[in-house]
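Enquirer: One structure, pasted below without further comment.
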């Protein structure tokens, strides 16, 4: 099959490209960086270098494809983040329609069923609705909270001896490893289903307090405490860590959505489908290696 991959060679796209190439598919990778071209070609794929806001470029790249993997960068700019995310989805949708791509797989998120109380995920909610109007079959791959986001807590652990968020230790959160997302995406990209479906990509479902217990044990600090911050404390902490104000506000809102259950609600109603193979204890080894 001829398959188009967006996301350059990021945490999800790289293992996805590697798997699909190993299966014998013809892969084209879209990247905005000319410096990625040689690396993409070394993986056995074709590089398409251009802007994801350029609909003409996207249309020509998508033309003749059997399927396409569509993902938007996690944070587009420091202002108007939700609008920028939605605009990228609109560009993809316009190009997919013009190129008559028969199947798409969208990297979405747990919590995308809701238009509110989910921070940056709200953009994905709107994009899912845009893609539902396309004349193409679609799989909405709703990923859990990325394990690798926990790397951002390393400075807090080293400097303050704590880990935490604006939700309590007892709240359970769907988690995912990028490799498990890539595996699920590879399966969906070659599927011939005519429908528009939702699939959850979740590797583990754990209490926030387990982040402290499991990761703490991996870094020889088994008494590492989980601290629940207020919304204001979480917001101010992210500002102090260097996040732009709008981005910090969105993450604060997402934490609140985790605390009140908005983000996890649809995942729970779907029956808690944990299908990935990389558990929190497995990721803890990666965390410990990065912590050194």
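Residue numbers (my numbering): 198 to 489.
Don't be surprised by glycine CBs; every beta carbon is placed ideally from N, CA and C.
(1) Check residue 265 in the structure and name its three-state DSSP category.
(2) Rounded C-beta distance between residue 237 and residue 217? I'm assuming under 8 Å.
(3) Using beta-carbon positions only, say whether residue 343 and residue 325 come within less than 8 Å of one another.
(4) Is the beta carbon of residue 272 sitting closer than 8 Å to the one on residue 444?
(5) Based on Cα-Cα distance, which residue from 457, 258, 416, 327 lies nearest to residue 480?
(6) Return the chain-ordered list of same chain residues with a C-beta closer than 6 Å to the C-beta of residue 311, the five sequence neighbours on each side being excluded.
(7) Pop quiz: residue 382 and residue 259 are said to be a contact at Cβ under 8 Å. What is the actual Cβ separation, rounded to whole angstroms?
(8) For residue 316, which residues in the same chain have their Cβ closer than 7 Å to its Cβ, ignoring the five residues on either side in sequence?
(9) If contacts are defined as beta-carbon pairs under 8 Å, then residue 285 and residue 269 qualify, I think. What distance do you get, rounded to the angstrom?
(10) Measure the C-alpha to C-alpha separation of residue 483 and residue 295 and round it to an integer number of angstroms.
(11) Could you pull the DSSP bridge partners for residue 338 from this structure?
(12) Using CA atoms only, rank isn't needed, just tell me which of 239, 220, 244 is closest to residue 230.
(13) Give, in chain order, every unbroken run of the beta strand (DSSP E) that is at least 3 residues long and sits entirely within the stretch 204-288.
(14) Output the boundary residues of the alpha helix (DSSP H) element that contains residue 407.
(15) Helix, strand or coil, according to DSSP, for residue 425 in the structure here?
(16) To which residues of the same chain is residue 202 closer than 8 Å at the C-beta, ignoring the five residues directly before and after it?
(17) Which of helix, strand or coil does DSSP assign to residue 353?
(18) Roughly how many angstroms lie between the CA atoms of residue 414 and residue 373, to the nearest whole one?
(19) DSSP state of residue 372, grouped into three classes?
(20) Mapping the DSSP letters down to three states, classify residue 380 as helix, strand or coil.
(21) Return helix, strand or coil for residue 489, following the three-state DSSP convention.
(22) Please determine, among 206, 457, 488, the residue with the shortest C-alpha to C-alpha distance to residue 348.
Expert: The relevant details are as follows:
(1) Walking along the chain shown from the start, residue 265 turns up at place 68. Residue 265 falls in the strand class under three-state DSSP.
(2) Here residue 237 refers to the residue found at position 40 of the chain shown. Here residue 217 refers to the residue found at position 20 of the chain shown. Contact flag wrong, Cβ pair sits at about 13 Å.
(3) As a working mapping, residue 343 is identified with position 146 in the chain shown. As a working mapping, residue 325 is identified with position 128 in the chain shown. Result no, Cβ atoms of residue 343 and residue 325 do not sit closer than 8 Å.
(4) The count along the chain shown starts at 1 and reaches residue 272 at position 75. The count along the chain shown starts at 1 and reaches residue 444 at position 247. For residue 272 and residue 444, yes; Cβs fall inside 8 Å.
(5) Taking the first residue of the chain shown as 1, we reach residue 480 at position 283. Considering only alpha carbons, the answer is 416.
(6) Here residue 311 refers to the residue found at position 114 of the chain shown. If we look at residue 311 and ignore the five residues flanking it on each side, its Cβ neighbours are 459.
(7) By one-based count along the chain shown, residue 382 stands at place 185. By one-based count along the chain shown, residue 259 stands at place 62. With a Cβ gap of about 17 Å, residue 382 and residue 259 do not count as contacting.
(8) As a first step, residue 316 must be located in the chain shown, where it is residue number 119. The residues are 447, 448, 450, 451, 454.
(9) Here the question's residue 285 lines up with position 88 in the chain shown. Here the question's residue 269 lines up with position 72 in the chain shown. About 5 Å; that satisfies the 8 Å criterion.
(10) Along the chain shown, one-based indexing puts residue 483 at 286. Along the chain shown, one-based indexing puts residue 295 at 98. Roughly 42 Å separates the two Cα atoms.
(11) For the purposes of this step, residue 338 is taken as residue 141 along the chain shown, with counting starting at 1. Paired residue(s): 304, 396.
(12) As a working note, residue 230 is residue 33 in the chain shown. Checking every option, the nearest Cα to that of residue 230 belongs to 244.
(13) 223-228, 243-246, 264-267
(14) Here residue 407 refers to the residue found at position 210 of the chain shown. Residue 407 -> alpha helix (DSSP H) spans 405-415.
(15) Taking the chain shown and counting its residues from 1, one reaches residue 425 at position 228. Residue 425 falls in the strand class under three-state DSSP.
(16) Counted from its first residue, the chain shown places residue 202 at position 5. Within the same chain, residue 202 has close Cβ partners 210, 213, 214, 217, 224, 225, 226, 227, 242, 265, 266.
(17) Against the chain shown, residue 353 aligns to sequence position 156. Reduced to three states, the DSSP call for residue 353 is helix.
(18) Taking the first residue of the chain shown as position 1, residue 414 is located at position 217. Taking the first residue of the chain shown as position 1, residue 373 is located at position 176. Those two C-alpha atoms are separated by around 20 Å.
(19) Residue numbering aside, residue 372 sits at position 175 when the chain shown is read from its first letter. Three-state result, residue 372: strand.
(20) Within the chain shown, residue 380 is the residue found at index 183, counting from 1. In the structure shown, residue 380 sits in a helix (DSSP, three-state: H, G or I).
(21) One-based indexing of the chain shown puts residue 489 at position 292. Residue state, collapsed to three classes: coil.
(22) The residue you call residue 348 lines up with position 151 of the chain shown. Measuring from the Cα of residue 348, the nearest candidate turns out to be 488.
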